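Chains as they are written, first to last, in the numbering used here: chain A, 1 to 348; chain R, 349 to 523. A virtual CB, placed ideally from N, CA and C, is assigned to each residue, including glycine. No experiment lies behind these values; they were computed from the predicted model shown.
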Amino acid sequence: MENKHQRITQRQGNRIFILETFSAAALFLPQIVLRGNYGSGILSVGVVWILLACYVLIASKVADGIPMEQVLKHHRWAAIIYYIRFWINAAFFYTYIVFMVGRYMLPQNQGFVIGFPLLVLAWRMNRGGLKERGRVMEGIFWFVLLPVIFVLLLSITDLSFKEIAVSDFQWKEFFKGSLLLLALLHPMELVWFYRGNMSNGGMKFRTFFGIGILLIGIFCAVVGSLGRKLTLYDENPVMSMAQGAAIPGGIMARLDIFLIAFWIVGVFCVFSGYLFYGNEGLKHVFFRGRMIGNLLSYGGLFLATNVLFHFWYLIWNSFSCFLYANLTIGLLFPLFLFYMEKIRRRKI
Amino acid sequence: MKKRYIVCGLFFLIVVLSGCNHKRDIEDSSYVLAMGFEKINDRRYLVRYSYADFDSEKSNAGIKIPSRSITFLADSFANANKIWDDHESKQLNFGHLKVVVFGNGKKDKKIIKELLLHPQIAKSVYILKTKNSLAEVFGKEQKLAVSFGEYMSAAIENSGKIKDPKKYTLGRIMY
């Protein structure tokens, strides 16, 4: 029987995809690409744009009409794996948000004070099922993207194209940079969780076009305004790019706080998404799974706030491992899972 | 639909209310608008902070705020801030910093690295060097109606000799 709380429209699905895939990844994109591919980073961004489109089109076709909760009902072990993985990913993004807010916006505040409203909001947003989540994401879509586009447009005025252009091409570097970027865009795997619940069609061409423009825009704006060396040296080059962009006429000399405030809402979408999809698996598969999942997710993260915050630099230094693990498990595992489900359905 | 508006409203409130955190008057912070560093030996720097002097503000509209300076000896930028915190009750704020001037005719790499990693310092801050001493450069400050930082940044931006002022900013220092 169809669950009406799990149905979303095509537009909602497309907006969820853009917010979840772009928001968090874009914050790390320039430095991650340059770390792997210093000489021709722009080519890696272009290639990964195509790879992303191919992956999501495959996912869109395979998962069409097969909701994830039905797949997990027949593979209960997968629901547990997903729950644990998504809890770890959510913990990473949660700590990142607390760190960024503490550093740029609300210094001298305890992690708990910043983390508590985040968790309450995430719980409130997620408790109504995919339908409510889809509605909220649809509502905040331009709220997150317009400031980003605005800052990108302001930064265009004085970019150094010499820094963006290909200066040296090596296949090994190109492959490494592309792989790292593909791993960074791992939240695209979340498409498997809502594609089966989308009515009136799958992913639109303009969604891929839009996300590609945004990814290239971020790379060009940051590398073109800071240069490659500083992009690699800086801890938050995207924020540094925003510090350099100003509204002409002295109306607003700095736009970084403005950008951080809105971008954090975007990262929040990814963080709440991981909690949502992890819990949904448990909810549909296990008795009292919803209660246990919620307690461990929201309560667990709240209790772990200070520990996570304390070990933030250790977590941050393991960022590459986090990415590669997500690349291998995140992108290939659902393909395998849905393939098994298709075989099971054919046998029936 | 009503729930959607409530959640969107909460997001908006979180964003706009973030500025209401510090219940502190503007006069309780020291807004550094210009800084100077002059290496005097292998380890020590003469550090000069030029900050907004709200007591001397004459326009009553907050548009022309002069500045005054303090100079001290420090090992690094971080050490200079620590010395400030130990002796001054007002909290330092670098969010409005315009110019950093290096004496001895040389930009110091160690200090620049510290400036690059400071979260409050914008990448649009001008980094300049001079062969003169800091005392000579900042000597003009007392005669200015506006702060030394604003005066210097306006001078760079309006100078006919400098074609691309952005070249001298912190964000372009590694080009």
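Annotation: ARG195 of chain A is outside any beta strand (DSSP E) and is labelled neither H nor E by DSSP. Within chain R, the residues whose beta carbon sits less than 7 Å from that of GLN243 of chain A are ALA470, LYS471, SER472, listed in sequence order. Ranked by how close their Cα comes to the Cα of LEU518 of chain R, the residues R:ASN506, R:ALA503, R:SER472 have R:SER472 in first place.
The beta-bridge partner set that DSSP reports for VAL449 of chain R consists of R:GLY384, R:LEU476. Membership of PHE175 of chain A in the alpha helix (DSSP H) is indicated by the continuous run 171-184. Annotation note: the segment 41-84 of chain A contains the following uninterrupted alpha helix (DSSP H) runs of length 4 or greater, listed N- to C-terminal: 41-62, 68-74. Counting only Cβ-Cβ distances below 8 Å, LEU464 of chain R has contacts in chain A at LEU230, TYR233, ASP234, in chain order.
As computed with DSSP, ILE418 of chain R is found in a beta bridge with R:TYR397. Taking a contact as a CB-CB distance under 8 Å, the pair PHE271 of chain A and ASN126 of chain A does not count as one, their CB atoms being some 11 Å apart.
Within the DSSP bridge table, the entry for GLN439 of chain R names R:SER377 as partners. Distance from the Cα of THR231 of chain A is smallest, within the candidate group A:TYR194, A:ILE315, A:ARG133, A:LEU27, for A:LEU27. Residue range 256-285 is occupied by the alpha helix (DSSP H) that includes ASP256 of chain A. When secondary structure is reduced to three states using DSSP, THR517 of chain R falls in the strand class. Closest option to HIS186 of chain A, judged by alpha-carbon separation, among A:MET100, A:THR328, A:LEU335, A:PHE112: A:THR328.
Residue-level contact by beta carbon fails for ARG416 of chain R and chain A, as no gap is shorter than 8 Å. By alpha-carbon distance to LEU159 of chain A, the top candidate from A:GLU132, A:ARG228, A:GLY330 is A:ARG228.
When secondary structure is reduced to three states using DSSP, ILE510 of chain R falls in the coil class, being assigned neither helix nor strand. The alpha-carbon separation between GLU189 of chain A and LYS457 of chain R amounts to approximately 43 Å. In the DSSP assignment, LYS457 of chain R falls within the unbroken alpha helix (DSSP H) covering 457-465. For LYS458 of chain R, not one C-beta of chain A is nearer than 8 Å to its own C-beta. In terms of Cα proximity to LEU72 of chain A, the closest of A:GLY111, A:GLY196, A:LEU184, A:PHE17 is A:GLY196. In this structure, VAL144 of chain A keeps its C-beta atom at 8 Å or more from the C-beta atom of SER240 of chain A. Where MET188 of chain A is concerned, there is no enclosing alpha helix (DSSP H), because DSSP gives it neither an H nor an E.
Annotation for ASN306 of chain A: the continuous alpha helix (DSSP H) segment containing it runs 300-310.
For THR231 of chain A, the enclosing alpha helix (DSSP H) starts and ends at 228-233. For the options A:PHE161, A:GLY278, A:PHE319, the alpha carbon positioned closest to that of ILE80 of chain A is the one of A:GLY278. At a C-beta separation below 7 Å, PRO467 of chain R has these neighbours in chain A: ARG103, TYR104.
Between the alpha carbons of VAL223 of chain A and SER424 of chain R lies a distance of about 29 Å.
Counting only the Cα atoms, SER495 of chain R lies some 49 Å from GLU173 of chain A. Near chain R, meaning a CB-to-CB distance below 9 Å, no residue of the segment 300-331 of chain A qualifies.
Scanning A:THR9, A:ARG76, A:TYR274, A:SER60 for the CA closest to the CA of GLU138 of chain A turns up A:THR9. One alpha carbon belongs to GLU462 of chain R, the other to ARG344 of chain A, and they sit about 60 Å apart.
Between the C-alpha atoms of ILE418 of chain R and ILE42 of chain A there is a straight-line separation of about 46 Å. Taking CB atoms only, ARG520 of chain R has a neighbour in chain A less than 8 Å away.
Among the bridge pairs identified by DSSP, ILE8 of chain A is matched with A:MET198. The residue among R:PHE402, R:ILE431, R:LYS479, R:GLY384 with its C-alpha nearest the C-alpha of SER378 of chain R is R:PHE402.
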